[in-house]
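Below: one structure, written as structure tokens.
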Amino acid sequence: MEPKLLWHLVLFMTQIIGAPVVDAQSAMDPPQLKEDFELFRTALEEAHPGIYRYEPKSSMDSGFETIFKELDQPLSQQEFYKLLNPILAKIGCGHTKLIPSEDEGFMYYYNTAALFPLKLFLENNRAYVHYSYDSNITLEPGTEITAINGIAMEEIIDGLMNNLFSDGRNQTFKYQELNRYFNALFSNFYLEEGKSHSHFDITYMRRGRKVKMKLPTVPVQKVMERDTAQYNNLPYQLEFKNAKTAVLTIRTFWPDERKYNFENFLKQSFTDINTKNIQNLILDLRGNEGGKDAYGALLLSYLVNAQFRYYDKLVVATNERFSFVDHAQLPDGYEQLRTMITQTADGEFRWEHNVNLQLQIPQEYPFMGQVYVLIDGASFSVTSEFCAVANDLDRVSFIGEETGGGYYGNNSGAFAIVTLPNSKMKLGIPLMSYYTAVKDNQFTDRGIVPHYQVQPTIKGILSGKDEIMEQTMKIIHKG
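For the numbering used here, count along the sequence shown from 1 and bump the result up by 23.
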């Protein structure tokens with residue numbers, strides 16, 4: 024249970040398992056729906072260590088009971104998914120997921136042959152055109168879209184936000200998901216599977232007036248190919264802005280270790296930084312959704328000159344055998360691992376076998392200059408843990424947006440992948456609650472709030488500016 028697994032790795036594992044796929048249009052009768060729902064609820068209540076971390080049990084029970092009352096008529100898989108998803112979002116756990124299918128890739132579940140053809144960027148709850156997936160569409164980048172198929176964008180955004188997962192009551196991670204997966208999310212929650220969708224009716228702003236227009240649909244392959252081309256696949260890199268300032272970019276804490284050695288990279292990078300007598304280090308963690316928890320503590324050990332604590336405790340739901348094991352893919356050696364769980368005097372179940380619970384030792388020659396950490400809503404999981412402890416040690420300044428991961432930790436680690444027998448949907452439940460070794464913070468249910476808040480704008484994006492980096496350089500210049 025020691026390594027922290029990203030949901031993308033769990034998804035990869037479920038693809039290997041190859042569970043059967045159900046037709047999303049086929050209706051399931053009430054007994055089938057209730058059987059799936061009872062397993063869904065039982066698995067969450069038995070296994071999820073943070074189910075009541077942000078939401079009280081009474082509220083969750085009320086939500087479950089409301090759903091059960093809705094299962095009195097046949098529902099398709101998509102309708103059932105839309106019914107279950109909001110209660111999962113209510114938990115406030117960005118690592119919990121419900122996956123109807125892996126056929127088209129993460130988030131792309133329904134109506135994938137006829138997706139919305141524009142890449143949108145959300146700014147202050149308004150939607151702007153970033154680019155188009157169809158070269159025949161003539162809308163200018165930066166155009167504001169005010170409605171799709173007669174539904175106001177404000178209503179669409181609010182509806183999707185209620186179906187997106189984040190730690191606690193954080194919102195920035197949800198906006199990151201909307202910006203990245205809007206096309207998939209709109210199809211999942213606002214289009215009915217099986218119906219013909221030949222076009223989209225949109226309303227947009229032109230010279231201060233609302234104008235209507237029809238847009239063609241695009242297949243998922245076009246969307247994914249264009250979006251994938253936007254990302255830099257290099258996991259980390261070091262560059263020098265000038266004689267005094269270096270930029271260390273870490274895009275993931277889970278690199279392909281056959282190609283990249285993170286420990287060697289850090290060692291060589293900080294040797295170069297210290298050799299060049301760098302005074303300002305910009306640590307760019309934007310878009311870093313996490314990875315190995317040990318790497319977060321390792322990075323911090325290069326930035327401090329005293330011992331520090333990283334995790335306060337790791338909590339699991341129980342040491343008992345799960346009742347749903349016949350429907351679940353569990354971590355390797357699960358039966359043996361659960362015998363190693365200890366119980367405290369107050370009844371809390373703990374996992375004590377993680378190196379980050381030990382006192383952490385700084386590197387022999389750490390960097391002790393100024394450190395500026397760039398963060399955004401996609402700074403999640405291990406990245407948020409690193410940021411929380413670095414903030415608690417008062418070692419760095421944060422610039423950008425609030426992290427998507429919680430200040431006090433998250434629920435992650437190993438996962439139970441539960442397959443619902445009739446709908447065939449997969450429920451991913453993290454089995455460990457991580458608590459960072461930090462003192463009381465202003466927000467108990469939020470991420471790390473930056474010292475200097477900078478929100479990217481559509482104007483900056485379209486002009487090719489990195490507004491957060493530009494603001495950082497101004498701060499450094501001012502001293």
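Glycine included, C-beta positions come from ideal geometry on N, C-alpha and C.
Should residue i and residue j be called a contact, given that it needs their Cβ atoms to be closer than 8 angstroms?
i: D59; j: S446; result: yes
i: S402; j: N311; result: yes
i: Y198; j: G400; result: yes
i: F345; j: E69; result: yes
i: V241; j: P140; result: yes
i: N342; j: P72; result: no
i: L416; j: D307; result: no
i: E78; j: G115; result: yes
i: G423; j: V477; result: yes
i: N377; j: L337; result: yes
i: F63; j: L353; result: no
i: N297; j: Y388; result: yes
i: L138; j: V243; result: yes
i: I122; j: M496; result: no
i: L201; j: L162; result: no
i: Y133; j: L143; result: no
i: T459; j: G432; result: yes
i: A50; j: L98; result: yes
i: Y254; j: F285; result: no
Per DSSP, what are the beta-bridge partners of residue i in this structure?
i: G451; result: K120 and I440
i: Y458; result: K336 and G432
i: T272; result: Q260 and D307
i: G314; result: F276
i: Q476; result: G423
i: A175; result: A170
i: F288; result: In DSSP, F288 forms no bridge with anything.
i: F331; result: Q383
Specify the secondary structure class of residue i as computed by DSSP and reduced to three states.
i: M36; result: For M36, the predicted structure reports a pLDDT of 42, less than 50, and the residue's modelled location is therefore unreliable. A value from the coordinates is still provided. Note: M36 maps to helix in three-state DSSP.
i: T367; result: coil
i: P326; result: Checking the sequence shown, residue 326 turns out to be Leu, not Pro. The answer is coil: DSSP assigns L326 none of H, G, I, E or B.
i: F345; result: coil
i: A70; result: helix
i: F466; result: coil
i: A50; result: coil
i: A351; result: strand
i: L62; result: helix
i: N297; result: helix
i: K488; result: coil
i: S446; result: coil
i: I471; result: coil
i: T89; result: helix
i: E493; result: helix
i: L56; result: helix
i: Y75; result: coil
i: L28; result: Residue confidence for L28 is low, a pLDDT of 46 falling below 50, so the modelled location carries little weight; the figure read from the coordinates is stated next. Three-state DSSP puts L28 in coil, outside helix and strand.
i: Q515; result: What the structure shows of the chain is the stretch from 24 to 502, and residue 515 is not part of that stretch, so it cannot be assessed.
i: R281; result: coil
i: A266; result: coil
i: L321; result: helix
i: L94; result: coil
i: G502; result: coil
i: G356; result: coil
i: N255; result: coil
Return no unless some Cβ of chain B is closer than 8 angstroms to the Cβ of residue i.
i: G428; result: Although the question refers to chain B, the structure presented lacks it and comprises just one protein chain.
Just checking residue i against the ligand GTP - is the residue's beta carbon closer than 7 angstroms to any of the ligand's heavy atoms?
i: D399; result: Looking at this structure, you won't find the ligand GTP or any other ligand, since it has none at all.
| message | Please give me, in chain order, every unbroken run of the beta strand (DSSP E) with length at least 3 that falls completely inside the region 370–424. | response | 393–398 and 420–423
| request: Report yes or no: do three or more beta-carbon pairs, one from the region 378–386 and one from the region 321–334, lie closer than 8 angstroms? | output: yes
| request: Could you tell me whether the region 274–291 touches the region 362–376, using the rule of 3 or more Cβ pairs below 8 angstroms? | output: no
| message | I'd like the ranges of any alpha helix (DSSP H) spanning at least 4 consecutive residues and lying wholly in the region 99–170. | response | 100–114
| query | If you pair each beta-carbon of the region 155–165 with each one of the region 342–362, do three or more pairs fall below 8 angstroms? | reply | no
| Taking one C-beta from the region 172–184 and one from the region 387–399 each time, how about it: are there three or more such pairs within less than 8 angstroms? | no
| Is the region 469–484 in contact with the region 400–420, if contact means three or more CB pairs nearer than 8 angstroms? | yes
| query | If you scan the region 185–253 from start to end, which runs of the alpha helix (DSSP H) of 4 or more residues do you find wholly inside it? | reply | 195–213 and 243–251
| said: Across the region 456–465 and the region 212–225, are there enough close Cβ pairs to call them in contact, namely three or more that are closer than 8 angstroms? | reply: no
| message | Does the contact criterion of 3 or more C-beta pairs under 8 angstroms hold for the region 255–273 versus the region 206–217? | response | no
| request: Decide if the region 50–58 is in contact with the region 88–102; the criterion is three or more beta carbon pairs, one per stretch, under 8 angstroms apart. | output: yes
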